[in-house]
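Engineer: Below you will find the structure I want to go over with you.
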Amino acid sequence: MFRAEKAGHAGTLDPLASGLLPVLLGDATRFSAYLLDAPKGYAADIRLGVTTATADAEGEVLETRPVEVVRAQVDAVLARFLGPQQQVPPMHSAIKREGVPLYVLARRGESVERKPRDIVISSLDLLAYEGDLLRVQVACSKGTYIRTLAEDIGAALGCGAHLGGLRRTATGPFDLGQAVTLEALEGMQDAERDRMLAPTDRIVAQLPEVDLDRATRTRFCHGQAVAVEGLRAAMYRVYGEGRQFVGLGESTGDGRLVPKRLLAERSEPLPSG
Numbered sequence: 002m003f004r005a006e007k008a009g010h011a012g013t014l015d016p017l018a019s020g021l022l023p024v025l026l027g028d029a030t031r032f033s034a035y036l037l038d039a040p041k042g043y044a045a046d047i048r049l050g051v052t053t054a055t056a057d058a059e060g061e062v063l064e065t066r067p068v069e070v071v072r073a074q075v076d077a078v079l080a081r082f083l084g085p086q087q088q089v090p091p092m093h094s095a096i097k098r099e100g101v102p103l104y105v106l107a108r109r110g111e112s113v114e115r116k117p118r119d120i121v122i123s124s125l126d127l128l129a130y131e132g133d134l135l136r137v138q139v140a141c142s143k144g145t146y147i148r149t150l151a152e153d154i155g156a157a158l159g160c161g162a163h164l165g166g167l168r169r170t171a172t173g174p175f176d177l178g179q180a181v182t183l184e185a186l187e188g189m190q191d192a193e194r195d196r197m198l199a200p201t202d203r204i205v206a207q208l209p210e211v212d213l214d215r216a217t218r219t220r221f222c223h224g225q226a227v228a229v230e231g232l233r234a235a236m237y238r239v240y241g242e243g244r245q246f247v248g249l250g251e252s253t254g255d256g257r258l259v260p261k262r263l264l265a266e267r268s269e270p271l272p273s274g
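The sequence shown maps to residues 2 to 274 in the numbering used here.
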């Protein structure tokens with residue numbers, strides 16, 4: 002629909018999940034890592050009292066237990082999962098062991114040891130608690146498995162649980178309020194559809210910025226480190242004249258800005274001298 006020569010996305014969704022999927026087209030694909038590494042937001046339905054083999058609604062039921070949990074217990078347990086922590090990835094995940102995704106091993110009935118990973122849960126808000134259903138809003142770091150979080154919450158409550166439903170609500174600077182459905186895009190004319198595209202630099206909106214004059218920008222775009230005084234050591238969004246986004250540069254803290262990720266090279270020649 003967008004006549005793009007290349008495309009990518011910023012993080013797969015499980016088959017049972019819905020919600021936000023950032024799609025990158027053309028030069029924007031060069032910056033996909035910044036969305037893959039970005040914090041995520043989810044709305045999750047946690048079903049208490051039932052544990053499954055996959056920790057979600059698709060798995061075989063392993064155990065059913067009565068749910069005798071009051072709101073105060075829920076609040077206390079959710080608070081325990083806030084902040085930096087370690088989480089063991091589930092077997093039903095795309096993490097690879099010797100080149101083989103864990104979910105392939107799991108389907109064979111195999112289970113292997115998984116190393117805990119460092120994650121951060123920034124917020125965990127209870128949206129609803131009715132019967133055996135907990136509905137929570139989660140803001141978390143990359144690499145957080147919400148199905149594992151649901152299972153761990155159920156274990157902490159003493160009744161077991163699995164993930165009943167999941168909707169991704171945010172990825173980095175993007176949220177569902179900015180999203181457009183495929184069906185809506187299909188019904189648009191080309192010009193209207195193109196207006197739905199966000200500018201590439203929004204992907205890295207969290208980074209500080211620096212403006213270059215024409216000659217400096219040209220050298221930078223040809224892959225040369227350029228002199229820019231007064232920059233602290235950090236990664237920067239880099240703009241040329243007319244606020245044209247040209248890519249990312251890293252300041253070493255010694256007055257130099259080194260190109261790290263550029264848009265397509267410009268045909269403009271290097272200045273002489």
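The beta-carbon is built from N, C-alpha and C at its ideal position, and this holds for glycine as well.
Leaving out the 5 sequence neighbours to the left and right, which residues in its chain are closer than 8 Å to Leu25 when beta-carbon positions are compared?
Structural biologist: Translated into the one-based positions of the sequence shown, residue 25 becomes position 24. Ala8, Gly9, His10, Ala11, Phe32, Ser33, Leu36, Ile204, listed in sequence order.
Engineer: Mapping the DSSP letters down to three states, classify Asp15 as helix, strand or coil.
Structural biologist: By one-based count along the sequence shown, residue 15 stands at place 14. Coil at Asp15, not helix or strand.
Engineer: Using C-beta distances below 7 Å, list every residue in its chain close to Gly274, excluding the 5 sequence neighbours before and after it, in chain order.
Structural biologist: In the sequence shown, counting from the first residue as 1, residue 274 sits at position 273. The predicted position of Gly274 is uncertain, since its pLDDT is 42 and thus under 50; no value can be drawn from it.
Engineer: Look at Val227 and Leu158 and say whether their C-beta atoms are less than 7 Å apart.
Structural biologist: By one-based count along the sequence shown, residue 227 stands at place 226. By one-based count along the sequence shown, residue 158 stands at place 157. No, the pair does not count as a contact, with Cβ atoms beyond the cut-off.
Engineer: Given a threshold of 16 other Cβ atoms within 10 Å of its Cβ, counted over all protein chains shown, does Val89 qualify as buried or as exposed?
Structural biologist: Numbered from 1 along the sequence shown, position 88 holds the residue referred to as residue 89. Result: exposed.
Engineer: Under three-state DSSP, which class holds Asp1?
Structural biologist: For residue 1 there is no data in the structure shown, the boundaries of the chain being 2 and 274.
Engineer: Straight-line CA distance for Val121 to Ile147?
Structural biologist: Reading the sequence shown from its first residue, position 120 is the one you call residue 121. Reading the sequence shown from its first residue, position 146 is the one you call residue 147. The straight-line gap from Cα to Cα measures roughly 12 Å.
Engineer: Note down the Cα distance separating Val78 from Thr145, rounded to an integer number of angstroms.
Structural biologist: Position 77 of the sequence shown, counted from the start, is the residue given in the question as residue 78. Position 144 of the sequence shown, counted from the start, is the residue given in the question as residue 145. The alpha-carbon atoms of Val78 and Thr145 are separated by roughly 18 Å.
Engineer: Check whether the Cβ atoms of Gly173 and Ala56 sit closer than 7 Å, and answer yes or no.
Structural biologist: Taking the first residue of the sequence shown as position 1, residue 173 is located at position 172. Taking the first residue of the sequence shown as position 1, residue 56 is located at position 55. Taking 7 Å as the Cβ cut-off, Gly173 and Ala56 do not qualify as a contacting pair.
Engineer: On the three-state DSSP scale, how would you describe Thr201?
Structural biologist: Along the sequence shown, read from residue 1 onward, the residue named residue 201 stands at position 200. In this structure, Thr201 counts as helix in the three-state DSSP scheme.
Engineer: Tell me which same chain residues have a C-beta within less than 6 Å of the C-beta of Leu258, skipping the five on either side of it?
Structural biologist: Along the sequence shown, read from residue 1 onward, the residue named residue 258 stands at position 257. For Leu258, where only same-chain residues beyond five positions count, the Cβ hits under 6 Å are Val227, Val229, Gly250, Ser252.
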